[in-house]
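Visitor: Encoded as structure tokens, here's the structure I'll be asking about.
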Amino acid sequence: MPVWDVIGPVMIGPSSSHTAGAAHIGRIVRMCWGGEIKRADLYLRGSFAGTGAGHGTDKALIAGLMGMTPDDPKIKDALKIARSAGLEFHFYAEDAAGAHPNSVRAVISGDGRTLEAVGYSVGGGAVILHRLDGFQVDISCSLPAMIIMNKDVSGVVGAVASYLSAHGVNIATMKLHRDARGGLATMVIELDASDGKVDAKVIKELHPAIVRVIEIEGER
12 MPVWDVIGPV MIGPSSSHTA GAAHIGRIVR MCWGGEIKRA DLYLRGSFAG
62 TGAGHGTDKA LIAGLMGMTP DDPKIKDALK IARSAGLEFH FYAEDAAGAH
112 PNSVRAVISG DGRTLEAVGY SVGGGAVILH RLDGFQVDIS CSLPAMIIMN
162 KDVSGVVGAV ASYLSAHGVN IATMKLHRDA RGGLATMVIE LDASDGKVDA
212 KVIKELHPAI VRVIEIEGER
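Per our numbering: the sequence shown = residues 12 to 231.
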């Protein structure tokens, strides 16, 4: 068993699931958005809604959306810092059937676009990015990852896999989803951390059917 799983993360408390995990989710959502966030509507589910305020879940989520790590001492002042920075945020309680008890649905908007992400905390600061813009992704974000959105045509998976292989980057896991044949598809790839960074701009140009590439940094 890894030492990390025994002693837990370096974090600002009080809770690894409700504070560190929430900050981690916020950071991942920020990576998916790809820059500064102007507005965030956060729908808290289960115990995130019921006991989150006492554990600082609200502060931790906003801290993560601003790029703070779970061990950043500024988390306790995150709401004040966010308001000063012009980040508009709103919290809601949401009762979603079958939702994980420590979960949040984040709707990020600005610059004429919107992103919706659902993530949940599994304890010890570890999290799962469950859904992104309606697609099920289910990645832990402990490894570097790419989420590639593309038109469902032949050749896209091969182009990406061939590029990674040619550059010595090993695929740890790969998941494929599509909404319908010929519709929109997603490729969720986790990469071995030791193999170097992949440029999302280069990946996007590998095939004309690729619409968007999201990079997620590994958190461990």
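Cβ atoms here follow ideal geometry from the backbone N, Cα and C, with glycine treated the same way.
#1: Under a three-way DSSP split, which group does threonine 30 fall into?
#2: For alanine 31 versus alanine 71, is the C-beta spacing smaller than 9 Å?
#3: Considering only residues of the same chain and omitting the five flanking positions on each side of valine 133, which have a CB-CB separation below 7 Å?
#4: Just to confirm, is the Cβ distance from glycine 179 to aspartate 210 under 9 Å?
#5: Measure the beta-carbon distance from glycine 193 to aspartate 144 and round it to whole angstroms, keeping in mind my assumption that it falls under 8 Å.
#6: Going straight from the alpha carbon of isoleucine 200 to that of methionine 185, what length do you get?
#7: DSSP on arginine 50, reduced to helix/strand/coil?
#8: At a threshold of 8 Å, does valine 129 count as lining the ligand MG (C-beta to nearest heavy atom)?
#9: Applying the 10 Å Cβ sphere with the 16-neighbour rule, what's the burial state of proline 219?
#10: Within a Cβ cutoff of 6 Å, which residues of the same chain sit near alanine 74, ignoring the five residues on either side of it in sequence?
#11: For the alpha helix (DSSP H) containing leucine 76, name the first residue and the last one.
#12: State the Cα-Cα distance for the pair aspartate 83 and alanine 191, rounded to the nearest angstrom.
#13: Let me know if glutamate 181 comes out buried or exposed under the rule of 16 or more other beta-carbons within 10 Å of its beta-carbon.
#14: Judging by CA-CA distance, which residue of Arg116, Ile150 and Ala60 is the nearest neighbour of alanine 104?
#15: Any chance the region 95 to 104 sits against the region 46 to 55, with 3 or more Cβ pairs inside 8 Å?
Guide: So, from the listed chains and residues:
#1: helix
#2: yes
#3: Ile139
#4: no
#5: The pair is not a contact, with the Cβ atoms about 18 Å apart (cut-off 8 Å).
#6: Distance between the alpha carbons of isoleucine 200 and methionine 185 is about 4 Å.
#7: Assignment of arginine 50 by DSSP, reduced to helix, strand and coil, places it in the strand class.
#8: You won't find the ligand MG in this model; it holds no ligand whatsoever.
#9: exposed
#10: Ala34, Ile86 and Ala89
#11: Here the alpha helix (DSSP H) through leucine 76 covers 68 to 76.
#12: 42 Å
#13: According to the sequence displayed, residue 181 carries asparagine and not glutamate. Asparagine 181 should be labelled exposed.
#14: Ala60
#15: yes
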